[in-house]
Amino acid sequence: MRNQLFINGEFVDAEDGSTIDVLNPHDGSRITAIAEAKPADVDKAVTAARAAFHGWSNMFASERGRLIMKLADKLEQHFDEFTELESLDTGHPLKDTRRLDLPRTLLNLRYFGGIADKIDGREVPVEPGFLSIVKRKPVGVVGQIVPWNFPIMFCSWKLGPALAAGNTVVMKPSEITPLSTLRLVDLMNEVGFPPGVVNIVPGYGHTAGQHIAEHPDIDKIAFTGSTATGRKIVQASAGNLKRVSLEMGGKGPNIVFEDATLPAAVGGSAFAIFHNQGQACIAGSRLLLHEAIADEFLEKFIGLAKSIKLGNPLDDETEMGPLTSKMHLDRVLNYIGICKKEGNHVLTGGKQPDNDELRKG
Numbered sequence: 141m142r143n144q145l146f147i148n149g150e151f152v153d154a155e156d157g158s159t160i161d162v163l164n165p166h167d168g169s170r171i172t173a174i175a176e177a178k179p180a181d182v183d184k185a186v187t188a189a190r191a192a193f194h195g196w197s198n199m200f201a202s203e204r205g206r207l208i209m210k211l212a213d214k215l216e217q218h219f220d221e222f223t224e225l226e227s228l229d230t231g232h233p234l235k236d237t238r239r240l241d242l243p244r245t246l247l248n249l250r251y252f253g254g255i256a257d258k259i260d261g262r263e264v265p266v267e268p269g270f271l272s273i274v275k276r277k278p279v280g281v282v283g284q285i286v287p288w289n290f291p292i293m294f295c296s297w298k299l300g301p302a303l304a305a306g307n308t309v310v311m312k313p314s315e316i317t318p319l320s321t322l323r324l325v326d327l328m329n330e331v332g333f334p335p336g337v338v339n340i341v342p343g344y345g346h347t348a349g350q351h352i353a354e355h356p357d358i359d360k361i362a363f364t365g366s367t368a369t370g371r372k373i374v375q376a377s378a379g380n381l382k383r384v385s386l387e388m389g390g391k392g393p394n395i396v397f398e399d400a401t402l403p404a405a406v407g408g409s410a411f412a413i414f415h416n417q418g419q420a421c422i423a424g425s426r427l428l429l430h431e432a433i434a435d436e437f438l439e440k441f442i443g444l445a446k447s448i449k450l451g452n453p454l455d456d457e458t459e460m461g462p463l464t465s466k467m468h469l470d471r472v473l474n475y476i477g478i479c480k481k482e483g484n485h486v487l488t489g490g491k492q493p494d495n496d497e498l499r500k501g
């Protein structure tokens, strides 16, 4: 299990030796301690990415695509290892990492590997005697900040297009769920990615993340996470006018009309909110029901919710694992408390399970 920073093709300790414990969300036990990146470590990663940029951006696009494809093939060879590692680290049930997380990751990598040599420009007609040509060129060094809820999928969504276009990367995975990303770059070494093209610096947002956003030699930021943090990144990145791509939180209402097919509507609404324990920026966390079908819908929905099997995410029978961190659990319980104080009613659940196996998660 990899637990160091990955800079310039090598796994290294943090410069000051700092570490962060990675905890099993199911029982709170310590899985490992990872190196904690701080600004000095981010500086090293950016230097490595900048040095690698010329060679990587000038490599034949088809060769970049071939390496991304090789990475997907290598990852598929380690499919079971990665599904188990992702479930251990995040609390996603194993049946979901097998059915959704890893297959989607493979599709992402193969898609972006396939378009690497299909990025083209265009002519723009202006006026007689003039010709305007648009060429697409890599931006440079891209800083990427990845959330904790779908780490391996978001890693592929961030790495794939950046690498295909010829950019080099400094990525900060969440300090809560960094393990699959650190293992993935191990495979990148095996398939032949040049040193410095991808650098991984897990650490806290207020130190490593802040320094990535502010760094004068990073040309673009790609961020997925909360709206509050996204605002801070925009402000921090203004110093050198970085390009910024933000995917931030929202509220996803599901609207069920009177003529809806109830079994499909109930099943779809349940998946929308219960998949990954509701930890998704597109979770269907609000239901708007037509009054004519509301009572019947809620009866069926509550029955389905009560039937979901909670358990160890590494158990093949588990349908819902734990929330990914104690911090997030406390946040959710606080929201439920606020709802009660405002006069709302909890129809089912609303508290931690009280049996011995589940009460620590």
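Okay, so the sequence shown: first residue is 141 according to my numbering, each after it adds one. Virtual Cβ for every residue (Gly too), placed ideally from N, Cα, C.
Option nearest residue i by Cα separation, candidates the options
i, options, result
"residue 181", "476, 495 and 341", "341"
"residue 249", "272, 215 and 360", "215"
"residue 223", "154, 161 and 293", "293"
"residue 251", "279, 298 and 285", "298"
"residue 331", "400, 394 and 203", "203"
"residue 144", "207, 280, 270 and 174", "174"
"residue 221", "242, 450 and 296", "242"
"residue 192", "333, 264, 397 and 314", "333"
"residue 444", "176, 405 and 479", "405"
"residue 379", "351, 394, 365 and 393", "351"
"residue 310", "417, 353 and 271", "353"
"residue 365", "440, 164, 420 and 467", "420"
"residue 436", "152, 399, 467 and 414", "399"
"residue 446", "371, 396 and 489", "489"
"residue 442", "407, 476 and 415", "407"
"residue 142", "206, 158, 171 and 371", "171"
"residue 165", "476, 478, 467 and 494", "467"
"residue 158", "272, 478, 347 and 397", "347"
"residue 475", "456, 425, 266 and 415", "425"
"residue 257", "418, 247 and 207", "207"
Chain-order list of residues whose beta-carbon lies under 7 Å from that of residue i (same chain, five-residue window excluded)
i, result
"residue 146", "322, 325, 339 and 340"
"residue 469", "463"
"residue 149", "329, 335 and 336"
"residue 357", "186, 190 and 281"
"residue 316", "288, 464 and 465"
"residue 278", "197, 305, 306 and 307"
"residue 209", "250 and 253"
"residue 472", "463"
"residue 395", "428"
"residue 152", "144 and 145"
"residue 418", "425"
"residue 456", "234 and 235"
Cβ-Cβ distance between residue i and residue j below 8 Å
i, j, result
"residue 156", "residue 178", "yes"
"residue 233", "residue 453", "yes"
"residue 230", "residue 291", "yes"
"residue 438", "residue 402", "no"
"residue 276", "residue 259", "yes"
"residue 391", "residue 361", "no"
"residue 505", "residue 423", "An answer regarding residue 505 cannot be provided, because it is not within the stretch 141 to 501 covered by the chain."
"residue 240", "residue 319", "no"
"residue 497", "residue 343", "no"
"residue 283", "residue 355", "yes"
Neighbourhood of residue i by C-beta distance below 8 Å, restricted to the same chain and skipping five residues each side
i, result
"residue 374", "384 and 386"
"residue 327", "211, 214, 215 and 218"
"residue 295", "245, 286, 311, 313, 320, 321 and 324"
"residue 261", "273, 274, 275 and 276"
Own chain partners of residue i with C-beta closer than 6 Å, once the 5 adjacent residues on each side are dropped
i, result
"residue 367", "388 and 389"
"residue 227", "234, 237, 453 and 454"
"residue 448", "459 and 460"
"residue 285", "312, 349 and 363"
"residue 188", "147, 148, 336 and 339"
"residue 168", "500"
"residue 451", "458"
"residue 160", "174, 176 and 315"
Check: residue i C-beta below 7 Å from any heavy atom of the ligand SAH
i, result
"residue 311", "Among the ligands in the structure shown, none appear at all, so the ligand SAH cannot be discussed."
Runs of beta strand (DSSP E) wholly within the segment 305–356 (minimum 3 residues, chain order): 308–312 and 338–340
Are the segment 473–484 and the segment 305–321 in contact at 8 Å, needing three or more beta carbon pairs? no
State whether the segment 417–432 contacts the segment 186–205, with contact taken as three or more CB pairs (one from each stretch) at a distance under 8 Å. no
Restricting to runs no shorter than 4 residues, where is the alpha helix (DSSP H) found entirely within the segment 237–307? 242–255 and 291–304
Quick one: complete beta strand (DSSP E) runs, 3+ long, within the segment 442–488? none
Could you give the uninterrupted runs of the beta strand (DSSP E) lying entirely in the segment 378–444, keeping only those of 3 residues or more? 383–388, 393–396 and 426–429
At 3 residues or longer, what runs of the beta strand (DSSP E) sit wholly inside the segment 167–252? 170–175
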